[in-house]
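Report on the structure given below.
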Amino acid sequence: MTTLLELDHINKDYRIRGFLDRSTLHAVKDVSFSLEVEKPEIFTIVGESGSGKTTTARMILGNETPTSGHLRFMGEDVAAIRSRAERLKFMARVQPIFQNPFEAFNPLTTLDYFLFATAKRFLGLKDQANIEAATDRALNHVGLSLAEVRGRYSHELSGGQLQRIAVARALIPEPKLIVADEPVSMVDASLRMSIVNLFRDLRDTLGVSIIYITHDLSTAYYISDRVIIMHRGDVVEAGDAKTVLGHPQHAYSRALREAVLPPDPVAARRIIAQRMASAKAAEARQPG
Numbered sequence: 001m002t003t004l005l006e007l008d009h010i011n012k013d014y015r016i017r018g019f020l021d022r023s024t025l026h027a028v029k030d031v032s033f034s035l036e037v038e039k040p041e042i043f044t045i046v047g048e049s050g051s052g053k054t055t056t057a058r059m060i061l062g063n064e065t066p067t068s069g070h071l072r073f074m075g076e077d078v079a080a081i082r083s084r085a086e087r088l089k090f091m092a093r094v095q096p097i098f099q100n101p102f103e104a105f106n107p108l109t110t111l112d113y114f115l116f117a118t119a120k121r122f123l124g125l126k127d128q129a130n131i132e133a134a135t136d137r138a139l140n141h142v143g144l145s146l147a148e149v150r151g152r153y154s155h156e157l158s159g160g161q162l163q164r165i166a167v168a169r170a171l172i173p174e175p176k177l178i179v180a181d182e183p184v185s186m187v188d189a190s191l192r193m194s195i196v197n198l199f200r201d202l203r204d205t206l207g208v209s210i211i212y213i214t215h216d217l218s219t220a221y222y223i224s225d226r227v228i229i230m231h232r233g234d235v236v237e238a239g240d241a242k243t244v245l246g247h248p249q250h251a252y253s254r255a256l257r258e259a260v261l262p263p264d265p266v267a268a269r270r271i272i273a274q275r276m277a278s279a280k281a282a283e284a285r286q287p288g
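All the letters of the sequence shown, read from the start, carry residue numbers 1 to 288 under full-length UniProt numbering.
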């Protein structure tokens, strides 16, 4: 099989300057996994805020450079991409979807403007009829149409609709990989499964692989083919999603499964730490 994406012992460190000294934050530590072209899948990175999952996503998108290790897309080292033309080609094939759909679009600009601009930039289209056809085609994949979106502003639509439009924008260049960072966390709970099901449809109908980044184990269990669980930059568990999430072995993985995490990262970390401490104490009390 042809390798679509390969992370080969990736590390990412940040130098932190304090008042009196400097320290190093090891945000991502020795992460390795790969995806194949011929086997589109939803590969999920699970972890709480600060686990390293978003930093890993930023490296996959080429927005951060690994401190060490190699990150390759279709055999090409992403860090070696230099020219504007090469960068544009890479961005067309690897598209992001971000957490907050309300921040993805300027509220003073109509939504179709962003979609048309994407078609012009990545597909090189100049004829308006072709631009609109490409836009409408992408919107159809997410259950919308250009007629519904044309001339409308972000405040006129729900969070779920906006996130679908964000997905459509990512589909316009016909990417091979989508990196979706917490794409349902800001969407109303009643609409989350519609977005999650959409990712499954894109995998099955368009052959698009998706890196799904989340702290929500319920959606991860529902849609993922494979999963890694990250904690403080380390991968603590990896493998088939149903096996890893259904029968977690690591104390952190079990704590994640048992906890209902609040949006506040400090509170979330406190809950996880308490549950891990309880799990370790229970293990210590067991005989032999």
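Note that the Cβ used here is the ideal one computed from N, Cα and C, for glycine as well.
Where residue i and residue j are concerned, what is the direct C-alpha to C-alpha distance, given to the nearest angstrom?
i      : j      : result
GLU258 : ASP216 : 11 Å
ARG93  : LYS39  : 16 Å
ILE131 : LEU88  : 18 Å
ILE229 : THR219 : 14 Å
ALA147 : ILE195 : 21 Å
ASN100 : SER32  : 28 Å
HIS9   : SER253 : 22 Å
ALA168 : HIS247 : 35 Å
GLY75  : GLU86  : 14 Å
PHE122 : LEU171 : 11 Å
TYR153 : LEU162 : 10 Å
ASP13  : ALA133 : 44 Å
GLY124 : THR135 : 13 Å
ASP30  : THR55  : 13 Å
What does the Cβ neighbour count give for residue i, buried or exposed, with the cut at 16 atoms within 10 Å?
i      : result
PRO107 : exposed
ARG192 : buried
PHE105 : buried
THR24  : exposed
LYS53  : buried
Can you check whether the CB of residue j is closer than 9 Å to the CB of residue i?
i     : j      : result
THR2  : GLU36  : yes
LEU5  : SER34  : yes
GLU48 : ARG226 : no
Report the three-state DSSP secondary structure of residue i (helix, strand or coil).
i      : result
SER158 : coil
ASN197 : helix
MET186 : coil
ASN140 : helix
TYR212 : strand
LYS242 : helix
Please check the pair residue i and residue j, which I expect to be a contact at CB under 8 Å, by giving their CB distance rounded to whole angstroms.
i      : j      : result
PHE98  : ASP181 : 6 Å
ARG203 : ILE210 : 6 Å
ARG150 : ASP112 : 5 Å
VAL244 : ALA238 : 7 Å
Step through the CB atoms of chain C and report whether any lies within less than 9 Å of the CB of residue i.
i     : result
GLY62 : Among the protein chains of the structure shown there is no chain C, as only one such chain exists.
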